[in-house]
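With the first letter of the sequence shown counted as 1, position 75 gets the number 74 in numbering that gives the first Met the number 0; the numbers rise by one all the way through.
The beta carbon of each residue, even a glycine, is placed where N, CA and C say it ideally should be.
Just so you know, these numbers come straight off a predicted model, no measurement behind them.
Worksheet for the structure shown next.
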Amino acid sequence: MSINKFVIILASIVAGILLLLFALRGQSVMLDRLNPTIPVKPYYTVVETDGKKLNDTQWEYQFVGYDDQGEKNTFIMIASKNLRKGAYLEVYAKGLNGKGWTEVTPAGIPEKAQIKLSTPKES
0 MSINKFVIIL ASIVAGILLL LFALRGQSVM LDRLNPTIPV KPYYTVVETD GKKLNDTQWE
60 YQFVGYDDQG EKNTFIMIAS KNLRKGAYLE VYAKGLNGKG WTEVTPAGIP EKAQIKLSTP
120 KES
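So this is what it looks like as structure tokens:
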């Protein structure tokens with residue numbers, strides 16, 4: 000096999016993998032966790048329910064959050080404690096995968112995210 004054929008085949012394989020990664024964005028928490036094409040971004044949310052207790056040290060939450068431009072994202076996050084209802088959080092998420100959180104005050108939330116969080120939820 001010549002070098003040119005090898006380079007073309009290798010480039011085709013890499014391009015196929017990249018296309019697959021982009022196509023699978025937002026399909027599952029595990030895929031998002033492993034996908035290097037998805038950036039980690041901060042989202043702002045409010046704790047509205049108790050977490051689902053997984054064991055003595057883990058609670059699972061599903062949040063709807065908004066970035067600093069007011070763009071919506073839904074993600075799942077595991078916390079090491081049951082979070083306080085009504086708490087405002089800055090959650091670092093990679094697609095569907097919440098990676099870490101910090102409690103913030105409403106004043107620490109960007110304006111566009113504040114507007115989205117204060118808009119009544121649709122039933």
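Practice item. Rank Lys93, Ile108, Thr44, Pro38 by C-alpha distance to the C-alpha of Leu82 and give the top, closest one. Key: When each option's Cα is compared against that of Leu82, the closest is Thr44.
Review point. Should Ile108 go down as buried or exposed, given a rule of 16 or more other Cβ atoms within 10 Å for buried?
Key: Counting the other CB atoms within 10 Å of its CB gives Ile108 a total of 16 or more, which places it among the buried residues.
**Study point:** From Lys93, Gln68, Gln113, Glu70, residue whose alpha carbon lies closest to that of Tyr87
**Key:** Looking at the Cα atoms, Gln113 is the closest of the given residues.
Review point. If you run the structure through DSSP and keep just helix, strand and coil, what is Ala86?
Key: In the three-state reduction of the DSSP assignment, Ala86 falls in the coil class, being assigned neither a helical nor a strand state.
Point to revise | Residue nearest to Gly97 in terms of C-alpha spacing, selected from Phe5, Asp31, Lys80 | key: The alpha carbon of Gly97 has as its nearest neighbour, out of Phe5, Asp31, Lys80, the alpha carbon of Asp31.
Practice item. With DSSP as the reference, label Glu70 as helix, strand or coil. Key: When DSSP states are grouped into helix, strand and coil, Glu70 belongs to the coil group.
**Study point:** Val6, DSSP secondary structure in three states
**Key:** Residue state, collapsed to three classes: helix.
Exercise for review: Taking only the alpha-carbon atoms, compute the straight-line gap between Gly85 and Ser117 and give it to the nearest angstrom.
Suggested key: Distance between the alpha carbons of Gly85 and Ser117 is about 12 Å.
Exercise for review: Identify the continuous beta strand (DSSP E) that holds Lys40 and give its terminal residues.
Suggested key: From DSSP, the beta strand (DSSP E) with Lys40 extends over 40–45.
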